[in-house]
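Those protein sequence lines, which keep their order, are chains V and X. In case it helps, my numbering puts the first sequence at residues 157 to 528. In case it helps, my numbering puts the second sequence at residues 157 to 528. Glycine residues also receive a C-beta, built at the ideal position from the N, C-alpha and C atoms. This structure is a prediction, so every number in the text was calculated from the model and none was measured. I have placed the structure first, in the form of structure tokens, so that the comments after it can refer back to it.
2 protein chains.
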Amino acid sequence: MSLIPVEIDTPDIMVELGVLERNIERMAAALRAKGLRLRPHAKTHKMPEIAARQLAAGAVGLTVATIGEAEVFAEHGATDLFIAYPLWIGPRQAERLRRLAGPVRIAIGVDSVEAAEAAGRHLGSAAGDIEAVVEIDSGHHRSGVRPEQAVAVARAAAGAGLRVGGVFTFPGHGYAPGMPAKAAEEEQQALGRAAELLAAAGFELTRVSGGSTPTAELTGAAEQAGPSALTEVRPGVYVFGDAQQLELGRCTAADIALTVAATVVSRHEGDDATPRRLVLDAGSKVLGGDRPAWATGYGRLMDHPEARITALSEHHATVVWPEGVDLPALGERLRVIPNHVCVAVNLVDDVAVVSEGRLVDRWRVAARGRNS
Amino acid sequence: MSLIPVEIDTPDIMVELGVLERNIERMAAALRAKGLRLRPHAKTHKMPEIAARQLAAGAVGLTVATIGEAEVFAEHGATDLFIAYPLWIGPRQAERLRRLAGPVRIAIGVDSVEAAEAAGRHLGSAAGDIEAVVEIDSGHHRSGVRPEQAVAVARAAAGAGLRVGGVFTFPGHGYAPGMPAKAAEEEQQALGRAAELLAAAGFELTRVSGGSTPTAELTGAAEQAGPSALTEVRPGVYVFGDAQQLELGRCTAADIALTVAATVVSRHEGDDATPRRLVLDAGSKVLGGDRPAWATGYGRLMDHPEARITALSEHHATVVWPEGVDLPALGERLRVIPNHVCVAVNLVDDVAVVSEGRLVDRWRVAARGRNS
Numbered sequence: 157m158s159l160i161p162v163e164i165d166t167p168d169i170m171v172e173l174g175v176l177e178r179n180i181e182r183m184a185a186a187l188r189a190k191g192l193r194l195r196p197h198a199k200t201h202k203m204p205e206i207a208a209r210q211l212a213a214g215a216v217g218l219t220v221a222t223i224g225e226a227e228v229f230a231e232h233g234a235t236d237l238f239i240a241y242p243l244w245i246g247p248r249q250a251e252r253l254r255r256l257a258g259p260v261r262i263a264i265g266v267d268s269v270e271a272a273e274a275a276g277r278h279l280g281s282a283a284g285d286i287e288a289v290v291e292i293d294s295g296h297h298r299s300g301v302r303p304e305q306a307v308a309v310a311r312a313a314a315g316a317g318l319r320v321g322g323v324f325t326f327p328g329h330g331y332a333p334g335m336p337a338k339a340a341e342e343e344q345q346a347l348g349r350a351a352e353l354l355a356a357a358g359f360e361l362t363r364v365s366g367g368s369t370p371t372a373e374l375t376g377a378a379e380q381a382g383p384s385a386l387t388e389v390r391p392g393v394y395v396f397g398d399a400q401q402l403e404l405g406r407c408t409a410a411d412i413a414l415t416v417a418a419t420v421v422s423r424h425e426g427d428d429a430t431p432r433r434l435v436l437d438a439g440s441k442v443l444g445g446d447r448p449a450w451a452t453g454y455g456r457l458m459d460h461p462e463a464r465i466t467a468l469s470e471h472h473a474t475v476v477w478p479e480g481v482d483l484p485a486l487g488e489r490l491r492v493i494p495n496h497v498c499v500a501v502n503l504v505d506d507v508a509v510v511s512e513g514r515l516v517d518r519w520r521v522a523a524r525g526r527n528s
Numbered sequence: 157m158s159l160i161p162v163e164i165d166t167p168d169i170m171v172e173l174g175v176l177e178r179n180i181e182r183m184a185a186a187l188r189a190k191g192l193r194l195r196p197h198a199k200t201h202k203m204p205e206i207a208a209r210q211l212a213a214g215a216v217g218l219t220v221a222t223i224g225e226a227e228v229f230a231e232h233g234a235t236d237l238f239i240a241y242p243l244w245i246g247p248r249q250a251e252r253l254r255r256l257a258g259p260v261r262i263a264i265g266v267d268s269v270e271a272a273e274a275a276g277r278h279l280g281s282a283a284g285d286i287e288a289v290v291e292i293d294s295g296h297h298r299s300g301v302r303p304e305q306a307v308a309v310a311r312a313a314a315g316a317g318l319r320v321g322g323v324f325t326f327p328g329h330g331y332a333p334g335m336p337a338k339a340a341e342e343e344q345q346a347l348g349r350a351a352e353l354l355a356a357a358g359f360e361l362t363r364v365s366g367g368s369t370p371t372a373e374l375t376g377a378a379e380q381a382g383p384s385a386l387t388e389v390r391p392g393v394y395v396f397g398d399a400q401q402l403e404l405g406r407c408t409a410a411d412i413a414l415t416v417a418a419t420v421v422s423r424h425e426g427d428d429a430t431p432r433r434l435v436l437d438a439g440s441k442v443l444g445g446d447r448p449a450w451a452t453g454y455g456r457l458m459d460h461p462e463a464r465i466t467a468l469s470e471h472h473a474t475v476v477w478p479e480g481v482d483l484p485a486l487g488e489r490l491r492v493i494p495n496h497v498c499v500a501v502n503l504v505d506d507v508a509v510v511s512e513g514r515l516v517d518r519w520r521v522a523a524r525g526r527n528s
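Right, dumping it as structure tokens:
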């Protein structure tokens with residue numbers, strides 16, 4: 157039996173419903189057991205059908221990256237959204253946040269005095285309806301301030317009329333071999349330190365927010381208490397898994413819920429000058445072009461762990477095949493695991509939902525392309 | 157005066173109309189002077205408004221990568237399309253090609269006996285309406301056969317009822333420092349050899365097709381003649397330019413017609429442990445994640461050539477700033493040149509068309525996401 161339903165034209169993105177639902181339930185159970193709130197990052201899937209399943213499994217709300225994503229999930233019934241991003245708010249952004257903040261509980265990230273002041277200036281009296289969460293740099297060195305700078309940012313936010321609710325970080329340096337445990341520890345330390353300083357300065361915090369898929373199950377613990385304890389985590393990728401998580405050992409092949417169906421369009425036994433290889437019709441315009449230096453290639457083949465995707469063009473994956481293993485035939489259909497599932501999903505208008513080898517539905521990627 | 161019109165919310169893709177039109181005219185003139193036909197690759201822009209300008213400047217038709225792209229440009233009036241890809245044709249692909257081949261002159265790539273036979277089997281009597289173009293590997297080692305294998309593929313295509321029109325190659329190994337001239341030479345040699353062998357086997361060729369933006373202006377020459385002479389080239393990126401072409405020396409900053417408008421959302425003077433940096437709100441979901449090993453980073457800043465984009469997340473570009481140069485302020489808006497413009501355009505539904513600092517139009521990316 158082919159694992160790719162015959163109705164599917166390649167390349168196309170397939171979501172295995174049973175695996176998806178198992179992943180959603182497992183993360184929910186793991187965090188429930190730790191007494192941590194789960195606020196999954198919806199930028200990974202951008203689909204209301206998946207958000208609904210996460211909320212039904214006990215998620216307290218959703219994380220999003222942009223105002224546009226917040227608008228899409230609010231239209232589909234979300235009532236508690238954290239835009240975990242250091243927004244720069246001008247008049248139009250303020251107007252959109254005002255509209256959202258009526259029916260929806262909205263929190264936003266802030267990592268500078270200037271951004272807090274701009275938010276207050278443009279939000280006006282609506283600022284009090286919006287929670288500011290101070291972003292902390294826990295070692296990824298992207299956005300976020302050092303814990304010692306958090307009080308200044310929080311005071312600026314409060315001075316601008318925003319409600320200061322807590323602190324958050326993204327331990328993105330956990331996306332590398334051997335790093336998840338270290339990143340989870342640094343996340344806990346940085347957030348804890350910032351939360352203690354804010355508490356000492358008189359802020360009453362309700363949110364100490366961390367987490368990512370590689371670190372979420374390593375993070376926090378029920379025995380922690382006091383202002384420095386994590387209250388919520390925001391993993392995204394766990395719903396699908398991807399080749400990065402697989403190669404980091406944070407999931408197994410059986411946990412991969414999303415693959416790209418592809419066809420062998422070119423096949424070469426190789427010679428002295430050229431590698432033994434296949435070309436698949438899934439390129440960077442459906443897999444995404446992410447390739448961390450430590451990865452084995454530009455994704456993995458689900459059923460051929462020995463193969464290596466050595467190059468990606470827009471519509472071609474070049475797959476080098478080991479000697480001694482038969483090359484699949486021209487026209488054969490294979491499943492490719494993207495390196496980074498969040499960018500793959502963002503490349504398609506809808507996905508094929510598959511169960512037991514059958515196409516059971518198509519779901520629209522409702523927040524695709526909502527970059528601002 | 158800001159170079160980003162005030163109506164634009166970031167991140168957003170901007171196309172400078174004057175630069176675009178100058179790029180289109182310059183490539184057309186360069187190839188006209190060599191007696192080469194220009195068949196620009198529309199996968200770069202995916203926009204009917206740009207295709208129309210290319211055709212008005214003398215392009216003989218368009219190149220596309222997928223049947224879906226062919227359908228979009230046919231709907232918008234294109235009458236001569238080359239799907240320069242080794243298609244694997246099943247019943248549904250055959251039906252779509254049959255529908256296209258009525259009003260439109262259609263050519264497709266083929267690089268194996270098996271694919272030619274599958275095409276003939278499913279196209280049936282419509283096969284004779286479609287031109288087969290044999291793909292040659294000129295050194296990129298992706299798809300394509302060696303010149304010596306071209307006759308076998310061409311005979312299979314003819315045996316399957318297709319009209320064999322010629323040969324093509326993509327000299328993709330020209331996308332690296334010091335490589336464009338070598339790749340252009342190898343392209344000419346491989347295509348010439350394959351064309352000679354096909355002519356000797358009795359095939360009458362009307363198409364010897366090469367070219368890419370780095371090699372197009374180095375390729376072919378009016379003084380060549382006979383069956384081995386190039387007849388057409390298929391550059392794509394030249395309409396916009398991008399950071400790869402800039403760093404390869406194939407265009408200048410003044411030739412860059414497409415940039416991503418971005419806002420400084422986080423700003424850090426740096427310290428012993430962390431770099432002096434900005435974070436912009438343009439990440440891999442609008443710039444694309446491509447980063448060749450030889451590139452200086454994940455794109456370039458148009459007005460700050462000294463800055464380096466050292467990391468890209470989905471919604472963050474981390475930009476390291478040299479000592480001694482002032483860090484732009486929070487909220488400042490900057491223009492980012494993507495590394496690979498084809499994948500950036502494919503991430504947005506429409507682009508802002510800008511002229512002399514004013515927003516003059518928005519064009520829909522009509523073929524966005526048409527991967528199959």
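So glutamate 304/X and leucine 486/V are supposed to be a Cβ contact under 8 Å. How far apart are they, rounded?
Contact doesn't hold; Cβ gap of about 19 Å is too wide.
Write down the C-beta distance between leucine 443/V and proline 494/V rounded to the nearest angstrom, noting that I regard them as a contact closer than 8 Å.
5 Å
Can you find a C-beta in chain C that's less than 9 Å from the C-beta of asparagine 527/X?
Among the protein chains of the structure shown, namely V and X, there is no chain C.
What does glutamate 270/X reach in chain V if we use C-beta pairs closer than 9 Å?
Arg423, Ala485, Leu486 and Gly487
Measure from the C-beta of serine 294/V to each C-beta in chain X and report whether the shortest distance is under 9 Å.
no
Can you say whether proline 333/V is buried or exposed, counting buried as having 16 or more other CB atoms within 10 angstroms of its CB?
exposed
Based on the DSSP secondary-structure assignment, which residues constitute the bridge partners of histidine 297/X?
Bridge partners of histidine 297/X: none, in fact.
Comparing alpha-carbon positions, which option in Pro478/X, His460/X, Ala467/X and Gly455/X lies nearest alanine 449/V?
Ala467/X
Taking all protein chains shown into account, decide if aspartate 482/X is buried (16 or more other Cβ within 10 angstroms of its Cβ) or exposed.
Around the CB of aspartate 482/X, fewer than 16 other CB atoms lie within 10 Å, so the residue is classed as exposed.
Check for me: the beta strand (DSSP E) holding isoleucine 264/V runs from which residue to which?
261-266
Where does aspartate 437/X fall in DSSP's three states?
coil
Measure from the C-beta of leucine 243/V to each C-beta in chain X and report whether the shortest distance is under 9 Å.
It does; some Cβ of chain X falls within 9 Å.
Leaving out five residues before and five after isoleucine 245/V in sequence, what residues of the same chain have Cβ atoms less than 6 Å from its Cβ?
Cβ neighbours of isoleucine 245/V within its own chain (closer than 6 Å, five residues either side excluded): Ala274, Ala275 and His278.
Are the beta-carbon atoms belonging to arginine 456/V and glutamate 512/V less than 9 Å from one another?
no
What does a CB cutoff of less than 6 Å around alanine 339/V pick up in its chain, not counting 5 residues either side in sequence?
Pro327, His329, Gly330 and Thr371
On the DSSP bridge assignment, give the partners of isoleucine 239/X in chain order.
For isoleucine 239/X, which the question treats as bridged, DSSP gives the partners Val220/X and Ile264/X.
What first and last residue would you give for the beta strand (DSSP E) that runs through threonine 419/V?
Per DSSP, threonine 419/V belongs to the beta strand (DSSP E) from 414-424.
Which residue or residues does DSSP assign as beta-bridge partners of histidine 197/V?
Looking at the DSSP assignment, histidine 197/V forms a beta bridge with Thr219/V.
How many whole angstroms separate the CB atoms of histidine 471/X and aspartate 437/X, which I take to be in contact at a CB cut-off of 8 Å?
6 Å
Would you verify that the beta carbon of leucine 159/X is, or is not, closer than 9 Å to some beta carbon of chain V?
no
Per DSSP, what kind of secondary structure is serine 384/V in: helix, strand or coil?
Reduced to three states, the DSSP call for serine 384/V is coil.
For chain V, find out if any of its Cβ atoms is closer than 9 Å to the Cβ of leucine 503/X; answer yes or no.
yes
Does serine 469/V have its Cβ less than 9 Å from a Cβ in chain X?
Taking a beta-carbon distance threshold of 9 Å, serine 469/V counts as an interface residue toward chain X.
Please state whether DSSP places glutamate 504/X in a helix, a strand or coil.
Correcting the residue identity first, residue 504/X is valine in this sequence and not glutamate. The answer is coil: DSSP assigns valine 504/X none of H, G, I, E or B.
Quick one: using the 10 Å Cβ neighbour count with 16 as the cut-off for buried, is glycine 321/X buried or exposed?
buried
Taking 9 Å as the CB-CB limit, is threonine 452/V close to chain X?
It does not; no Cβ of chain X falls within 9 Å.
Any beta-carbon of chain V closer than 9 Å to the one on proline 478/X?
no
Counting along the chain, where does the beta strand (DSSP E) carrying isoleucine 493/X start and finish?
Where isoleucine 493/X is concerned, the enclosing beta strand (DSSP E) stretches over 489-493.
Restricting to Cα atoms, I'd like to know which of Pro391/V, Ile412/V, Asp428/V and Thr166/V is closest to proline 336/V.
Pro391/V
The region 248-275 of chain V: which residues have C-beta closer than 8 Å to a C-beta of chain X, in chain order?
Cβ contacts with chain X come from Arg248, Gln249, Asp267, Ser268, Glu270, Ala271 and Ala274.
Just the C-alpha distance for arginine 464/X and valine 497/X, rounded to the nearest angstrom, thanks.
18 Å
Can you name, in chain order, every residue of its own chain whose Cβ lies under 7 Å from the Cβ of glycine 174/V, other than the five neighbours on each side?
Ser511
Are three or more beta carbon pairs between the region 257-269 of chain X and the region 277-294 of chain X nearer than 8 Å?
The answer is yes - the region 277-294 of chain X touches the region 257-269 of chain X, with three or more Cβ pairs under 8 Å.
Could you check if serine 281/X is buried or exposed, using at least 16 other CB atoms within 10 Å of its CB as the buried criterion?
exposed
I believe valine 416/V touches alanine 500/V by the beta-carbon criterion, under 8 Å. Please report the beta-carbon distance rounded to the nearest angstrom.
7 Å
So is aspartate 482/X in contact with chain V if we call contact Cβ pairs under 9 Å?
no
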